[in-house]
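Each remark here refers to the structure printed beneath this line.
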Amino acid sequence: MRWQRATALVFAWLVAVCGATIAAEGSAWSDDACLVCHEDPKVTPILAGPHAPSAHASDAGCTACHGPSEAHMRRPPRGEQRAAPDVDFGRRTATPVERQNAACIDCHRGATTLHWWGSHHEMAGVGCADCHRAHAPRDPMLDSLTQVETCVGCHAKARADALKPSHHPMHDGRVACADCHGPHGGPGPGGLVEPTLNDTCLSCHADLRGPFLWEHPPAREDCLTCHRPHGSPHRALLAQRTPWLCQQCHMAQFHPSTALSGTGLPGATLPSGSQNLMGRDCMNCHAKVHGSNHPSGAGLTR
Ligand code: HEC
Ligand code: HEC
Ligand code: HEC
Ligand code: HEC
Ligand code: HEC
Ligand code: HEC
Ligand code: HEC
Ligand code: HEC
Ligand code: HEC
Ligand code: HEC
Numbered sequence: 001m002r003w004q005r006a007t008a009l010v011f012a013w014l015v016a017v018c019g020a021t022i023a024a025e026g027s028a029w030s031d032d033a034c035l036v037c038h039e040d041p042k043v044t045p046i047l048a049g050p051h052a053p054s055a056h057a058s059d060a061g062c063t064a065c066h067g068p069s070e071a072h073m074r075r076p077p078r079g080e081q082r083a084a085p086d087v088d089f090g091r092r093t094a095t096p097v098e099r100q101n102a103a104c105i106d107c108h109r110g111a112t113t114l115h116w117w118g119s120h121h122e123m124a125g126v127g128c129a130d131c132h133r134a135h136a137p138r139d140p141m142l143d144s145l146t147q148v149e150t151c152v153g154c155h156a157k158a159r160a161d162a163l164k165p166s167h168h169p170m171h172d173g174r175v176a177c178a179d180c181h182g183p184h185g186g187p188g189p190g191g192l193v194e195p196t197l198n199d200t201c202l203s204c205h206a207d208l209r210g211p212f213l214w215e216h217p218p219a220r221e222d223c224l225t226c227h228r229p230h231g232s233p234h235r236a237l238l239a240q241r242t243p244w245l246c247q248q249c250h251m252a253q254f255h256p257s258t259a260l261s262g263t264g265l266p267g268a269t270l271p272s273g274s275q276n277l278m279g280r281d282c283m284n285c286h287a288k289v290h291g292s293n294h295p296s297g298a299g300l301t302r
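For the sequence shown, the residue numbers in this note's numbering are 1 to 302.
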């Protein structure tokens, strides 16, 4: 009888020590230990993704993100609530966002989070889990349509801009927010994906890159002198109606020196004014506003 109890005690002690040792390493529980209670359609899709337990592509078991969560595993005293897991994700939880993010960055160092520190989102306390859904069958950020929806959920002005008559085709997923903005920050101004604003635009609009034989200085300098990035009530994402757009800088040139007005319209008395404001559009003649490679394209007309 006595030796039996002694063996049982030793066994219990062994279990406790081993358990504690594994726990100290942060992987105390197999995923099954968590899944006993969390076999839930909100949780299990993770088992089919890159964050599935060790048998799969990564060893990001439950505790890799949620922490060892020993208190959570303990049965709560009668009448009390179960303690939360060590790392509980989302905006409405007690875990500080820095701690949540650290759990992800633990594995995702390097290229992914290179520009994260000091980025708009990091500074504003936005969490990895505000954008990514670790348990969803498909992470919304990795699909351009659902990505745009998630971003405009917080950025109402961008949503409104993208609905203007002329816009980058974001609503149908052909262009995604992250094509221009590094969501984790980026090397360009304001976290753009390329080192400069123009490089960002020209990464897709390569035909306008130049260098041109005849440059138009504002196009070299900053595409946003004339364009809006998300959307505009004017055609071609223009920042202003033409010819005002051009006349902001070209009022006093040899033509046209009259602003668009009753007298400047075709059929009115001013001979050159009417012609040069024809169709309200300088581009009828100056078609190469981004620059020209034609030997006699100095006037950006061809
Ligand atoms: C004995 C059952 C049980 C086990 C085992 C268990 N949990 Fe839980 N867990 C719960 C219950 C019950 C809740 C809901 C608590 C509540 O809503 O207040 C919960 C909630 C959670 C939540 C959400 C907390 C929130 O804010 O809603 C997370 C995350 C979680 N558990 C992770 C884990 C992880 C990781 C493990 C394994 C290390 C684990 N759980 C093991 C019972 C368990
Ligand atoms: C890659 C990190 C990561 C891993 C691994 C992970 N989780 Fe989560 N868990 C999260 C994040 C982030 C959330 C917040 C909701 C979301 O993103 O889907 C969350 C939310 C939860 C919730 C709350 C779900 C809800 O919506 O109420 C539970 C419960 C949970 N996890 C349990 C688990 C269990 C059990 C495992 C292991 C099978 C696990 N988690 C593995 C990151 C992870
Ligand atoms: C234990 C390590 C580990 C942790 C912790 C971890 N990840 Fe991952 N994650 C991986 C691995 C491994 C992959 C698959 C390889 C890759 O894409 O780098 C991956 C892939 C991803 C992907 C790409 C998914 C895809 O389908 O291509 C995203 C997004 C991601 N993780 C976000 C997160 C977020 C958010 C967190 C925190 C809630 C997190 N990860 C925590 C290891 C981890
Ligand atoms: C503002 C939303 C947002 C936040 C916050 C965010 N991500 Fe992402 N993440 C994205 C988007 C969008 C992509 C897809 C990027 C692409 O298509 O170029 C992505 C891609 C990823 C990928 C897979 C591709 C890659 O670059 O490796 C990983 C891993 C990842 N994020 C991890 C994280 C981690 C870790 C954090 C927190 C430090 C985080 N993300 C915060 C939006 C976000
Ligand atoms: C959970 C809410 C949230 C989500 C989701 C989110 N953001 Fe943000 N974002 C913020 C906050 C907060 C700031 C900082 C305050 C501000 O400038 O509006 C910010 C700042 C920015 C800025 C800089 C704004 C400036 O004034 O210069 C850009 C660009 C941006 N986010 C793009 C994105 C993109 C792209 C996505 C999707 C991949 C995204 N955001 C998803 C909350 C969010
Ligand atoms: C074609 C490239 C491009 C796309 C696509 C794009 N942006 Fe922008 N975004 C920019 C540029 C360029 C700026 C202006 C940066 C500056 O002024 O320095 C900007 C500015 C912003 C700002 C700062 C405030 C503002 O409205 O001026 C936010 C927030 C923002 N973008 C969010 C988003 C979101 C959310 C999406 C997806 C719905 C998105 N952007 C898609 C290029 C883009
Ligand atoms: C990810 C690729 C991508 C990037 C980066 C990009 N664009 Fe675009 N842009 C497009 C696509 C796609 C269209 C639509 C073309 C079409 O419908 O045929 C477009 C259309 C346009 C149009 C014409 C819109 C119209 O209504 O005719 C303008 C102007 C424009 N982009 C300017 C810019 C500027 C300025 C930038 C930098 C802030 C930029 N683009 C960055 C892909 C991009
Ligand atoms: C001086 C003003 C101005 C600047 C600066 C400018 N654009 Fe334009 N852009 C225009 C005008 C005007 C149109 C409309 C042309 C038309 O309708 O005939 C246009 C049209 C476009 C289009 C639609 C397709 C096309 O080729 O006509 C794209 C794409 C475009 N611009 C991209 C850019 C990019 C990228 C930059 C920066 C490198 C830039 N623009 C700088 C005035 C400008
Ligand atoms: C931000 C100011 C600015 C805007 C807006 C602008 N331009 Fe220019 N433009 C310039 C500058 C600077 C030059 C170079 C003048 C020089 O070399 O003397 C130039 C040169 C030109 C030239 C060639 C002049 C020459 O000397 O041969 C033409 C044509 C022209 N612009 C047409 C336009 C048209 C059309 C628009 C409207 C789509 C426009 N510009 C918008 C600043 C601007
Ligand atoms: C009917 C055709 C036509 C229209 C419309 C037109 N232009 Fe011109 N513009 C010309 C021609 C032709 C030249 C001389 C080009 C050359 O030397 O190659 C010229 C020259 C210029 C020059 C260079 C002047 C210089 O000092 O050498 C500027 C700047 C200019 N136009 C701006 C504009 C602006 C701004 C508009 C719209 C308000 C406009 N043009 C509308 C035909 C036109």
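All residues carry an ideal CB built from backbone N, CA and C; glycine is no exception.
For residue i and residue j, which I take to be in contact (beta-carbon distance under 8 Å), what is that distance rounded to the nearest angstrom?
i      : j      : result
Leu197 : Gly188 : 7 Å
Gln147 : Ala111 : No, Gln147 and Ala111 are not in contact; Cβ-Cβ is about 19 Å, not under 8 Å.
His184 : Ser144 : Not confirmed; about 17 Å, so no contact.
Leu224 : Ser232 : About 11 Å separates the two Cβ atoms, so there is no contact after all.
Cys246 : Cys282 : 5 Å
Ala102 : Ala83  : With 8 Å as the limit, Ala102 and Ala83 do not qualify as a contact, their Cβ atoms being about 20 Å apart.
Ala206 : Gly291 : That pair is no contact at about 13 Å.
His115 : Gly191 : 7 Å
Asn284 : Leu213 : With a Cβ gap of about 22 Å, Asn284 and Leu213 do not count as contacting.
Considering Cα atoms alone, identify which of the options is closest to residue i.
i      : options                        : result
Thr200 : Ala219, Arg209, Cys180, Gly190 : Cys180
His66  : Arg78, Gln81, Ser30            : Ser30
Ala162 : Pro229, Cys282, Gly127, Gly90  : Pro229
His311 : Thr150, Gly61, Lys42           : Summary: the structure shown does not reach residue 311, with the chain confined to residues 1 through 302, and so no result is reported for it.
Thr93  : Val193, Ala129, Ala64          : Ala129
Gly34  : Arg159, Arg74, Ala48           : The question names Gly, but residue 34 is Cys in the sequence shown. Ranking the options by Cα distance to Cys34, first place goes to Arg74.
Pro140 : His250, Arg235, Gly173         : Gly173
Asp222 : Gly49, Asp40, His171, Leu208   : Leu208
Arg99  : Pro77, Leu114, Ala64, Glu80    : Ala64
Ser69  : Val87, Gln81, Pro77            : Val87
Thr44  : Pro76, Arg133, Thr113          : Arg133
Pro217 : Gly299, Arg78, Ala136, Trp117  : Gly299
His286 : Arg302, Asn293, His294, Ser296 : Arg302
Arg235 : Ser166, Ile46, Glu39, His121   : Ser166
Helix, strand or coil, according to DSSP, for residue i in the structure here?
i      : result
His286 : coil
Gly185 : strand
Gly231 : strand
Leu192 : strand
Leu213 : coil
Leu238 : strand
Pro96  : coil
His56  : Caution is warranted here: a pLDDT of 45 is assigned to His56, below 50, making its placement in the model unreliable, and no coordinate value can be reported.
Asp130 : helix
Taking only beta-carbon atoms, is residue i less than 8 Å away from chain D?
i      : result
Leu145 : Here there is only one protein chain, and chain D is not present.
Check: Which runs of the beta strand (DSSP E) fall wholly inside the region 142-168 and span at least 3 residues, in chain order?
Finding: none
Margin query: Quick check on the contact list: which residues have their beta carbon closer than 5 Å to a heavy atom of ligand 2?
Written below: Asp31, Cys34, His38, Lys42, Val43, His51, Ala60, Cys62, Cys65, Phe89, Ala129, Arg133, Ala134, His135
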